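Undergrad: With our numbering, letter number 109 in the sequence shown gets 109, and the count goes up by one each step, no holes.
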Amino acid sequence: MSGDTVGRVEGKIALITGGGSGLGRASAIHLAQEGARVVVSDLNEETAAETAASINQIRQGAAISARHDATVEEDWKSVLELTQSKFGGLDVLLNNAGISIGGDIESTEFAEWKKLQEIDVDSVFWGCKLAIPYMRDSGGGSIINISSTVGILGNPLTLGYGTAKAAVRSMTKSIALHCARHKYNIRCNSVHPTFIKTPLLDRFTEAGGSEEETYKTLADLIPLGEILETKDVTYGIIYLASDESRMMTGAEFVIDGGLTSGYMPPV
Ligand SMILES: NC(=O)c1ccc[n+]([C@@H]2O[C@H](COP(=O)([O-])OP(=O)(O)OC[C@H]3O[C@@H](n4cnc5c(N)ncnc54)[C@H](O)[C@@H]3O)[C@@H](O)[C@H]2O)c1
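1. Within 6 Å: the Cβ of THR172 and any heavy atom of ligand 1?
2. Under a three-way DSSP split, which group does HIS178 fall into?
3. Around the C-beta of ARG246, are 16 or more other C-beta atoms found within 10 angstroms, so that it is buried, or is it exposed?
4. Mind the definition here: the stretch 256–267 touches the stretch 108–122 only if three or more C-beta pairs lie below 8 Å; say whether that holds.
5. How do the stretch 148–164 and the stretch 224–238 stand: do at least 3 beta-carbon pairs fall below 8 Å, yes or no?
6. Shorter than 6 Å, the distance from the beta carbon of LEU43 to the closest heavy atom of ligand 1, or not?
7. Quick check on DSSP: helix, strand or coil for ALA36?
8. Hey, is GLY151 close to ligand 1, as in C-beta under 6 Å from one of its heavy atoms?
9. How would you call GLU211, buried or exposed, if buried means at least 16 neighbouring beta carbons within 10 angstroms?
10. Which runs of the alpha helix (DSSP H), 4 residues or longer, sit entirely within the stretch 183–229?
11. Find the nearest neighbour of ILE268 within the set VAL72, PRO156 and THR47, judged by alpha-carbon distance.
12. With distances taken from CA atoms, which of ARG169, THR214, PHE195 and ILE152 is nearest PHE204?
13. On a Cα-Cα basis, can you pick out the residue from SER142, ALA32 and ARG181 that is closest to ASN189?
14. Could you pull the start and end residues of the beta strand (DSSP E) that GLU252 belongs to?
15. In this structure, what does DSSP give as the bridge partners for LEU130?
16. With distances taken from CA atoms, which of GLY151, LYS183, ASN185 and HIS182 is nearest MET171?
17. By the three-class DSSP mapping on this structure, what secondary structure does SER147 have?
18. Could you check whether the Cβ of ASP69 sits closer than 6 Å to any heavy atom belonging to ligand 1?
19. Could you tell me which residues DSSP pairs with ASP42 in its beta bridges?
20. Are the beta-carbon atoms of GLY18 and ALA131 separated by less than 7 Å?
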């Protein structure tokens, strides 16, 4: 993190789930660089604290951290109360925490299916449901739900994960319209990245091959020929968190190097 702030989300208060790793950590840092104060929450208390510490080294008091299982209602209540008491409100909720388990319809165990729905869908349900009153009472806000390209396209090898991410895509639109209907001034959008260089991709490297080879294999699936850096996604998150996107709600923010655009002929 550099000390430079441009201020695109100056003065905003953001809560980031899964902020101890990968995209959540990068988003927390980028939001803080752009002027937000952030609550970094994660199931892993230590990694969340590391993210907050790296932000506070640059801008003291800009971040706090909390252990937070995003599937648990009581944990949500605690972290939202912490956000309110430490920072005085909530403007941005980034529902980012998630896991990925591969498997097709024949190989996926029911327990894996349920776990994916619990961590990748229930967490977003609780986050939106419990954060809306805080945002509504402080004049509005922006909810950003991390889905995936597999929430849009079918993929035989990610049955449970894709189903969960498609649920997030649909839930986002229903919540956006609910908030618009009640004039809460709360926007709700989903983000659909393709492969990002984060520990979530470890399951591919664990299956064999070096990280470099794995990234190359995945990059070959993408029309622009590269997998994403976290920054490619956090720029989109900054936009959705900021007032620049004030007329955007219920939308799918796709960052995928062209993957979902259609079929790319091999020659
Ligand atoms: N990496 C990719 O290729 C990719 C692509 C598209 C979408 N995504 C999505 O991006 C989001 C972030 O993933 P990432 O790539 O940074 O993965 P990651 O594994 O690096 O980070 C995920 C974080 O979520 C936390 N977490 C897991 N279960 C939790 C729970 N119950 N409560 C709270 N925190 C929990 C983990 O501790 C971890 O810190 C996920 O929703 C993922 O599905 C990732």
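Ideal Cβ placement from N, Cα and C applies to all residues, glycine included. Because the structure is a prediction, the values reported are computed rather than measured.
TA: In short:
1. no
2. Note: HIS178 maps to helix in three-state DSSP.
3. exposed
4. no
5. no
6. yes
7. coil
8. no
9. exposed
10. 202–206 and 211–219
11. Only positions 1 to 267 of the chain appear in this structure, which leaves residue 268 out of reach.
12. THR214
13. In terms of Cα proximity to ASN189, the closest of SER142, ALA32 and ARG181 is SER142.
14. 252–255
15. Bridge partners of LEU130: none, in fact.
16. GLY151
17. coil
18. yes
19. For ASP42, which the question treats as bridged, DSSP gives the partners ARG67.
20. Their beta carbons are not under 7 Å apart, which means GLY18 does not touch ALA131 by this criterion.
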